[in-house]
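S.K.: In the UniProt record's numbering, the protein residues as written are 1 to 654.
In this text, a Cβ means the ideal position worked out from N, Cα and C, and glycines have one as well.
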């Protein structure tokens with residue numbers, strides 16, 4: 001397939017537009033992996049923020065079609081957290097980006113001053129501009145602009161100053177906050193704009209892996225603004241034509257397209273059986289007492305008490321959400337035309353499961369109003385909300401246990417971080433903890449003290465520093481790592497898992513922290529079966545990211561992708577073969593970079609796995625873990641990775 005690529009060398013201020021065609025490259029992950037592995041050899045760099053860590057972003061081959069879900073924007077780079085080539089996607093943004101008339105952008109080199117990259121196309125000519133903003137001015141904006149802070153303030157500043165460049169064009173802004181300057185957890189934020197106004201509830205992020213941190217620290221780019229008037233032309237069948245697109249979808253599914261889409265996206269729009277919708281509405285009733293709470297302390301809290309906490313979550317978190325977001329139909333989408341309207345919002349804030357869970361129940365916050373305080377602060381600072389939520393929950397537990405002191409961290413008080421507080425006084429506890437989460441978000445994002453700066457490195461690296469700094473506070477054989485939950489890889493790599501008590505989330509894989517794994521909670525499988533389920537999931541998760549397709553549409557899109565490649569491009573793609581080939585390349589890249597699987601170095605993770613066997617009903621493994629949980633955990637992980645390696649034909653073992 002042929003792709004148009006805009007290469008921007010930020011050092012030399014050179015801009016080149018070229019066509020790229022190479023066998024086996026069907027999307028942005030394929031192309032970015034080729035650059036990182038074969039052209040720039042970024043695995044050789046010791047510094048993840050080397051300007052040669054090219055940031056590749058763009059759209060998939062089906063953007064510009066009328067098919068909903070086809071307009072996610074994908075960013076690919078070498079992750080400062082996990083060590084490998086990593087994809088992160090942003091909902092809806094490719095709907096505006098496809099009007100620029102190019103497929104991918106490659107950023108290399110680093111600007112001297114913070115820079116805004118502007119991409120426009122009036123339908124005849126592509127225009128690229130680089131606008132510098134003084135560093136002090138950027139900090140001033142992040143601190144406060146028109147009553148807002150962080151990414152919200154920067155977005156508004158950019159609207160005020162650059163809106164005129166997009167007269168007659170629909171455009172979008174993607175920008176970073178202070179978390180990208182001082183931590184490895186920075187995200188790229190974007191929000192749908194309509195007539196120069198931000199649409200409440202439409203916020204979306206390219207967050208996992210440290211996307212914003214690389215954009216800013218490796219390239220000194222603080223924002224990308226894009227829009228235009230170009231219309232996509234497909235080389236074969238025109239899937240921007242509704243009749244043609246419908247005929248392809250209906251040819252695969254043998255029923256009307258609208259019906260197919262509606263049936264397969266019920267959870268994300270509105271489920272009449274549960275009378276709720278969205279990930280927040282659907283997940284809390286389903287998870288029950290398996291919901292992650294208090295920094296993943298579920299293994300140590302009796303089931304009956306977890307049930308009581310879950311009842312409070314439903315009463316103070318889920319029911320208000322239903323009243324304020326679902327019954328009022330405060331629904332919108334990510335910025336592309338889509339009937340699912342998966343974005344739910346209330347009180348001026350977007351409400352989605354992962355960020356509200358990580359900076360909610362996981363961090364001792366179980367009321368909706370309190371989470372407005374914690375989550376909004378984390379988002380404003382421009383953090384990956386999952387990574388920061390996992391990190392702040394760890395810090396709050398350390399402070400609660402006396403391993404860190406509030407004033408050392410920069411907190412105004414000690415958290416209420418015990419099960420009894422969530423059971424007996426959920427409102428007061430949530431308000432107190434939410435305030436502390438917000439405080440820590442600001443301290444870490446702006447690196448306001450020594451410990452805050454250390455925390456910005458992430459749990460695993462920070463724990464190593466704290467082990468040495470405060471070794472007198474630890475019991476014999478204990479580590480600050482033992483309280484952290486992250487998937488380790490190599491000597492220093494880590495990834496905070498998605499917010500499910502799922503064994504597949506803790507396995508060191510080529511891509512972790514996204515959904516390239518088997519993340520079903522409440523299930524404990526034989527290691528070989530888990531490996532097979534992981535690969536089965538990853539084979540298509542790769543495709544959704546590679547072609548920029550929303551995974552909320554995966555139920556109907558999965559069997560349609562192959563037909564779309566054939567009809568729109570005349571390409572007969574071996575879907576599974578291509579995915580396996582790419583996964584092997586990701587493995588080999590990580591190995592060349594020195595990041596290979598390692599055994600869990602946190603007792604909390606081992607306990608989650610061991611207790612999971614018991615809680616999820618696998619009696620045979622539960623009995624084994626009771627004999628020696630560390631030895632058995634290592635054997636379980638060894639077998640998962642051995643089977644994973646056998647299936648893929650790689651050496652990815654302990």
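Given this structure, state the Cα-to-Cα distance separating residue 162 from residue 360, to the nearest angstrom.
M.R.: In the chain shown, counting from the first residue as 1, residue 162 sits at position 162. In the chain shown, counting from the first residue as 1, residue 360 sits at position 360. So the alpha carbons of these two residues sit roughly 36 Å apart.
S.K.: Residue 483 and residue 394: beta carbons closer than 7 Å?
M.R.: Counted from its first residue, the chain shown places residue 483 at position 483. Counted from its first residue, the chain shown places residue 394 at position 394. Taking 7 Å as the Cβ cut-off, residue 483 and residue 394 qualify as a contacting pair.
S.K.: Enumerate, from N- to C-terminal direction, the unbroken alpha helix (DSSP H) stretches of 4 or more residues contained entirely within the segment 447-494.
M.R.: Runs of the alpha helix (DSSP H) inside the segment 447-494: 450-455, 459-469.
S.K.: Any idea which residues DSSP pairs residue 343 with across the strands?
M.R.: Start at 1 with the first residue of the chain shown, and residue 343 comes out as number 343. Answer is 332.
S.K.: Mind checking which residues open and close the alpha helix (DSSP H) that includes residue 575?
M.R.: Along the chain shown, read from residue 1 onward, the residue named residue 575 stands at position 575. Start and end: 575-593.
S.K.: Spatial neighbours of residue 431 within its chain, please: C-beta separation below 7 Å, excluding the five flanking residues on both sides.
M.R.: Mapped onto the chain shown, residue 431 falls at position 431. Cβ within range, chain order: 370.
S.K.: Going by DSSP, what residue range makes up the alpha helix (DSSP H) through residue 182?
M.R.: Position 182 of the chain shown, counting from 1, holds the residue named residue 182. Its alpha helix (DSSP H) spans residues 179-182.
S.K.: What's the gap between the Cα of residue 399 and the Cα of residue 189?
M.R.: One-based indexing of the chain shown puts residue 399 at position 399. One-based indexing of the chain shown puts residue 189 at position 189. The straight-line gap from Cα to Cα measures roughly 30 Å.
S.K.: Residue 516 to residue 396, Cα distance in whole Å?
M.R.: Mapped onto the chain shown, residue 516 falls at position 516. Mapped onto the chain shown, residue 396 falls at position 396. About 29 Å.
S.K.: For a test of the three-state rule: what should DSSP assign to residue 37, helix, strand or coil?
M.R.: As a first step, residue 37 must be located in the chain shown, where it is residue number 37. Residue 37 falls in the helix class under three-state DSSP.
S.K.: Looking only at its chain, what residues have a beta carbon closer than 8 Å to the beta carbon of residue 148, apart from the 5 residues adjacent to it on each side?
M.R.: Counting from 1 along the chain shown, the entry for residue 148 is found at position 148. The answer, listed in chain order, is 156, 380.
S.K.: Determine the extent of the alpha helix (DSSP H) in which residue 545 is found, giving its start and end residues.
M.R.: Counted from its first residue, the chain shown places residue 545 at position 545. Residue 545 -> alpha helix (DSSP H) spans 527-546.
S.K.: Checking the sheet assignment: what are the DSSP bridge partners for residue 110?
M.R.: By 1-based counting over the chain shown, the position of residue 110 is 110. None, per the DSSP bridge assignment.
S.K.: Is the segment 276-295 close to the segment 257-265, with three or more CB pairs under 8 Å?
M.R.: Cβ pair count under 8 Å is below three, so no.
S.K.: Apart from the five residues on each side of it in sequence, which residues of its chain come closer than 7 Å, Cβ to Cβ, to residue 165?
M.R.: By one-based count along the chain shown, residue 165 stands at place 165. Closer than 7 Å at Cβ, skipping near neighbours: 118, 120.
S.K.: Going by C-alpha distance, which of 230, 486, 443, 521 is nearest residue 512?
M.R.: Here residue 512 refers to the residue found at position 512 of the chain shown. The option with the nearest alpha carbon to residue 512 is 486.
S.K.: Using CA atoms only, rank isn't needed, just tell me which of 26, 247, 328, 2 is closest to residue 19.
M.R.: For the purposes of this step, residue 19 is taken as residue 19 along the chain shown, with counting starting at 1. Comparing Cα positions, the closest option is 2.
S.K.: Going by DSSP in three states, residue 204 sits in which element: helix, strand or coil?
M.R.: Your numbering for residue 204 matches position 204 in the chain shown. Three-state result, residue 204: strand.
S.K.: Residue 96 to residue 185, Cα distance in whole Å?
M.R.: Within the chain shown, numbered from 1, the residue matching residue 96 stands at position 96. Within the chain shown, numbered from 1, the residue matching residue 185 stands at position 185. Looking at the two C-alpha atoms, the distance is approximately 26 Å.
S.K.: Relative to the ligand ATP, is the shortest distance from any of its heavy atoms to the C-beta of residue 413 smaller than 6 Å?
M.R.: In the structure shown, the ligand ATP is absent, as is every other ligand, since no ligand is present at all.
S.K.: Out of 626, 593, 612, which has the shortest C-alpha to C-alpha gap to residue 40?
M.R.: Start at 1 with the first residue of the chain shown, and residue 40 comes out as number 40. Considering only alpha carbons, the answer is 593.
S.K.: Can you find the residues in the same chain that come closer than 7 Å, C-beta to C-beta, to residue 520, ignoring five residues on each side of it along the sequence?
M.R.: Sequence index remark: in the chain shown, residue 520 carries index 520 (1-based). Contacts found: 502.
S.K.: Report yes if the CB atom of residue 531 is closer than 7 Å to the CB atom of residue 640, and no otherwise.
M.R.: Looking up residue 531 in the chain shown gives position 531. Looking up residue 640 in the chain shown gives position 640. Yes, the pair counts as a contact, with Cβ atoms nearer than the cut-off.
S.K.: Kindly identify the DSSP beta-bridge partner or partners of residue 2.
M.R.: As a first step, residue 2 is located in the chain shown; it is residue number 2 there, counting from the start. Answer by DSSP bridge pairing, in chain order: 21.
S.K.: Let's test the definition: count the other Cβ atoms within 10 Å of the Cβ of residue 17 and tell me whether it reaches 16, buried, or not, exposed.
M.R.: The residue you call residue 17 lines up with position 17 of the chain shown. It is exposed - the Cβ of residue 17 has fewer than 16 other Cβ atoms within 10 Å.
S.K.: Nearest CA to the CA of residue 99: which residue from 71, 76, 631, 387?
M.R.: Taking the chain shown and counting its residues from 1, one reaches residue 99 at position 99. The shortest Cα separation from residue 99 among 71, 76, 631, 387 belongs to 71.
S.K.: Given a threshold of 16 other Cβ atoms within 10 Å of its Cβ, counted over all protein chains shown, does residue 536 qualify as buried or as exposed?
M.R.: As a first step, residue 536 must be located in the chain shown, where it is residue number 536. Residue 536 is exposed by the Cβ-count criterion.
S.K.: Pull up the DSSP beta-bridge partners for residue 7, would you.
M.R.: Counting from 1 along the chain shown, the entry for residue 7 is found at position 7. BP columns for residue 7 point to 16, 106.
S.K.: Near residue 316, which residues of its chain fall below 8 Å by C-beta distance, leaving aside the five closest residues on each side in sequence?
M.R.: Within the chain shown, residue 316 is the residue found at index 316, counting from 1. Within the same chain, residue 316 has close Cβ partners 366, 367, 368, 426, 427, 430.
S.K.: Mind checking which residues open and close the alpha helix (DSSP H) that includes residue 443?
M.R.: Numbered from 1 along the chain shown, position 443 holds the residue referred to as residue 443. 426-445 is the extent of the alpha helix (DSSP H) around residue 443.
S.K.: In angstroms with no decimal places, state the Cα-to-Cα distance between residue 609 and residue 170.
M.R.: Along the chain shown, read from residue 1 onward, the residue named residue 609 stands at position 609. Along the chain shown, read from residue 1 onward, the residue named residue 170 stands at position 170. Residue 609 and residue 170: Cα-Cα distance of roughly 48 Å.
S.K.: Cβ of residue 215 within 7 Å of Cβ of residue 314?
M.R.: The residue given as residue 215 occupies position 215 in the chain shown. The residue given as residue 314 occupies position 314 in the chain shown. No, the pair does not count as a contact, with Cβ atoms beyond the cut-off.
S.K.: Let me know the secondary structure DSSP gives residue 155 once reduced to three states.
M.R.: Along the chain shown, one-based indexing puts residue 155 at 155. DSSP places residue 155 in helix when its eight states are reduced to three.
S.K.: For residue 481, I'd like the list of residues in its chain whose CB is within less than 7 Å of its CB, leaving aside the five on either flank, ordered along the chain.
M.R.: If you number the chain shown from 1, residue 481 lands on position 481. These residues qualify, in order along the chain: 460, 463, 601, 602.
S.K.: Find the nearest neighbour of residue 101 within the set 79, 125, 89, judged by alpha-carbon distance.
M.R.: Locating residue 101 in the chain shown gives position 101, counting from the first residue. The candidate whose alpha carbon is nearest that of residue 101 is 125.
S.K.: Taking only three categories from DSSP, how would you classify residue 393?
M.R.: Within the chain shown, the letter at position 393 stands for residue 393. The answer is helix: DSSP assigns residue 393 an H, G or I state.
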